[in-house]
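Engineer: To start, I am sharing the structure in question, which I have written as structure tokens.
Number of protein chains: 2
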Amino acid sequence: MTADASLPLDDYLRVLRQEIDDALAAVLPASPACPADIAEAMRYSVLAGGKRFRPILTLAAAGAVAPRSSTAKALAMPAACAIELIHTYSLIHDDLPAMDNDTLRRGRPTLHVVYGDGMAILAGDGLLAEAFALLARAPVEGSDAAIAGRKLAVIRRIADAAGSTGMVGGQAIDLRASGHVHDAGALDADALRDMHARKTGALIRASAVSGAIMAGGSPGVVAAVDDYAASLGLAFQIVDDILDVVGEGGALGKTVGKDAAAGKPTYPALFGLTRSRQLASEAVDLAVAALARAELRDSRLCDIAHWIGSRSS
Amino acid sequence: MTADASLPLDDYLRVLRQEIDDALAAVLPASPACPADIAEAMRYSVLAGGKRFRPILTLAAAGAVAPRSSTAKALAMPAACAIELIHTYSLIHDDLPAMDNDTLRRGRPTLHVVYGDGMAILAGDGLLAEAFALLARAPVEGSDAAIAGRKLAVIRRIADAAGSTGMVGGQAIDLRASGHVHDAGALDADALRDMHARKTGALIRASAVSGAIMAGGSPGVVAAVDDYAASLGLAFQIVDDILDVVGEGGALGKTVGKDAAAGKPTYPALFGLTRSRQLASEAVDLAVAALARAELRDSRLCDIAHWIGSRSS
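Chains as they are written, first to last, in this note's numbering: chain A, 934 to 1246; chain B, 934 to 1246.
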């Protein structure tokens, strides 16, 4: 079964998720190339399941940009996997006692609870490095110059998203702001948006953009996909904040009410639930409008925007 | 003053060190592109000085492979800086309480002592990501296809050195072995060598190889430089272990006797000081022999091997 355009969205997502899981299992280093315990720790976190939202976005963007290409998915899959490795690394480090001190993730004890803080730091480091090794490896079409250029553009984009101007910077803002939501130094709406744009938005944008670049999208198409993903990332974050208030731990697989308990700034805390839902819906509309500008309205990217806006886990 | 071949070695190293320091200061992200505290934390560690051994090796290898090229150094400098960022990230993470719990580095309090564990983890993460962003950025000669291929090869090599088969794997072995040197599970000579080959050897090899690749070295020349650096890395580690026993804290800028106190496996602990000095000298000889095979005997790489063998800090 391939994830073609005729499938219902749920089936399309399920098929892609399986393909991504298989690809991730194949790219993770194993003993004896790396020591057994670090290999186990990396697998424990990466293969714990999860929505695979970011790599799905990469593959969907590649499919949207090059719907008739037989190689677009193969070209985009290493980037999709690399992005999921980076997402997983960030969860491992964010969960550490020195950061958010979370003990439950994807329905299982967090990595540092099982393997200790030192191994959890190392497993995260290893996943971040492995992501770039994967991105730089020989592409399916050999050493074609155009493909090499695309790969370098994708590495640059993903590294910027992961680094101190992106995810690391966002987590640094979060670290400082946590526990201070009622203080004079708490984040206002603009600062909250900036934090999320770095912490989750940057990698979501890089996910979609990487797929578009690997599939050979023109600069204009890549820019439209980037705008789409910026709005999608905002919707994703607002819904995430809402689910932290109204969701159920079982379905989410993580600690619920954690943000509020830690005094973290959230959309419901700043705007209330009703206005937060409205803001999420507006962001989905903006994402769809960006697709329309690049004539990508009739693609899976559009379905994914509506899925993100309405998800309950 | 340029670091040309006619300078005495000390002057050559000093000039290169200054060029590297200047380049590092220019490539580190600054506020407002990234939050001020994470920018400060990254600068605190990277600009604390240090021997700059690895980036010097990168530039010296580029100079050895293409002695008459006016662009070899410019092509190799981003790789040299990226490698120093990765080296610094690894020091920050290794010094954490969850790892080696060290409080003094390059003559100053370690990063987590000053900024806290969370910010230290993030600063390390940010440096690792920034290294790859730097490696992927447009090279000096534009989007030349040959240069793009070299850059991808260098990214692959450096990412592998940093990852779970390299530095991360080595630190995982070290983490497990620390405090158990007298136990049945302690590392023997082969295991100690494997740990160091991953923990310090892999990045030292990648440093030299990256310079050789960026300067356009043939596969045979790159392989000889790799062999040279493998022996050089071994010599470097043995001398490091010796200095931990006989060195002075002031000159080294770090805690002396720390390895022995932590019960860490070291060359002097396994072989004694006299035999350790002999092993270091043999490794230097092997490094020079590898250079001779590629007709690189008359290059700075040879001087650097002797410098590493005889260093006292």
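Cβ atoms here follow ideal geometry from the backbone N, Cα and C, with glycine treated the same way.
1. From residue 1145(A) to residue 1227(A), what does the alpha carbon distance come to, in whole angstroms?
2. In chain order, what are the residue ranges of uninterrupted alpha helix (DSSP H) at least 4 long that sit wholly in the region 942-971 of chain B?
3. Excluding five sequence neighbours on each side, which residues of the same chain lie with their C-beta closer than 7 angstroms to the C-beta of residue 1201(A)?
4. Spatial neighbours of residue 1244(A) within its chain, please: C-beta separation below 7 angstroms, excluding the five flanking residues on both sides.
5. What whole-angstrom Cβ distance do residue 1088(A) and residue 1065(B) have, given they're in contact under 8 angstroms?
6. In angstroms with no decimal places, state the Cα-to-Cα distance between residue 959(B) and residue 1046(A).
7. Residues of chain B with CB under 9 angstroms from residue 1012(A), in chain order?
8. Output the boundary residues of the alpha helix (DSSP H) element that contains residue 1140(B).
9. What residue range does the alpha helix (DSSP H) around residue 1059(A) cover?
10. In terms of DSSP beta bridges, what is residue 1244(B) paired with?
11. Under 8 angstroms: do the region 1000-1016 of chain B and the region 979-988 of chain B share three or more Cβ pairs, one atom per stretch?
12. Do residue 949(B) and residue 992(B) have their C-beta atoms closer together than 8 angstroms?
13. Over what stretch of residues does the alpha helix (DSSP H) that includes residue 1166(B) continue unbroken?
14. What would DSSP say about residue 1041(A), mapped onto helix, strand or coil?
15. Got a sec? Which residues, its chain only, sit under 7 angstroms from residue 1057(B) by beta carbon, not counting five neighbours each side?
16. Please check if any C-beta of chain A sits within less than 8 angstroms of the C-beta of residue 1135(B).
17. Would you check if there are 3 or more beta carbon pairs closer than 8 angstroms linking the region 1028-1043 of chain A to the region 994-1013 of chain A?
18. CB-CB under 8 angstroms to residue 1114(A), same chain, minus the five flanking residues each way: which ones, in chain order?
19. How is the alpha helix (DSSP H) around residue 1107(A) delimited, first residue to last?
20. Verify the CB distance criterion: does residue 1116(B) have a CB-CB separation below 8 angstroms to chain A?
21. Would you kindly work out how many angstroms separate the C-alpha atoms of residue 1207(B) and residue 1214(B), rounded to a whole number?
22. Show which residues of chain A have a CB atom less than 8 angstroms away from the CB atom of residue 1098(B).
23. Would you kindly work out how many angstroms separate the C-alpha atoms of residue 1096(A) and residue 1028(A), rounded to a whole number?
24. Is residue 941(A) close to chain B? Criterion is C-beta to C-beta, closer than 8 angstroms.
25. Using the Cα positions of residue 1055(B) and residue 1105(A), report the straight-line distance between them to the nearest angstrom.
26. Check the Cβ of residue 1102(B) against every Cβ in chain A and list those closer than 8 angstroms, keeping chain order.
27. Report all residues from its chain with a CB closer than 6 angstroms to the CB of residue 1125(B); omit the five preceding and five following residues, and keep chain order.
28. Compare the beta carbon distance of residue 957(A) and residue 980(A) with 8 angstroms and say whether it is the shorter of the two.
Structural biologist: According to the structure data:
1. 12 angstroms
2. 942-960
3. 1174, 1175, 1178 and 1209
4. 1172
5. 6 angstroms
6. 39 angstroms
7. Result: empty, since nearest Cβ-Cβ is about 13 angstroms, beyond 9 angstroms.
8. 1135-1147
9. 1050-1069
10. Looking at the DSSP assignment, residue 1244(B) forms no beta bridge with any residue, so it has no partner.
11. yes
12. yes
13. 1152-1179
14. strand
15. 1022, 1025 and 1026
16. no
17. no
18. Low confidence applies to residue 1114(A): its pLDDT is 41, below 50, so where it sits in the model is not reliable, and the reading given next is rough at best. Closer than 8 angstroms at the Cβ level, and outside the excluded window around residue 1114(A), lie 1120, 1196, 1197, 1198 and 1202.
19. 1100-1110
20. Residue confidence is low: residue 1116(B) scores 48 on pLDDT, short of 50, so the model does not pin down where it sits. Its coordinate-derived value is still stated next. Not closer than 8 angstroms to any Cβ of chain A, the Cβ of residue 1116(B) fails to qualify, so no.
21. 11 angstroms
22. 962, 966 and 967
23. 18 angstroms
24. no
25. 7 angstroms
26. 967, 968, 971 and 1059
27. 1198
28. yes
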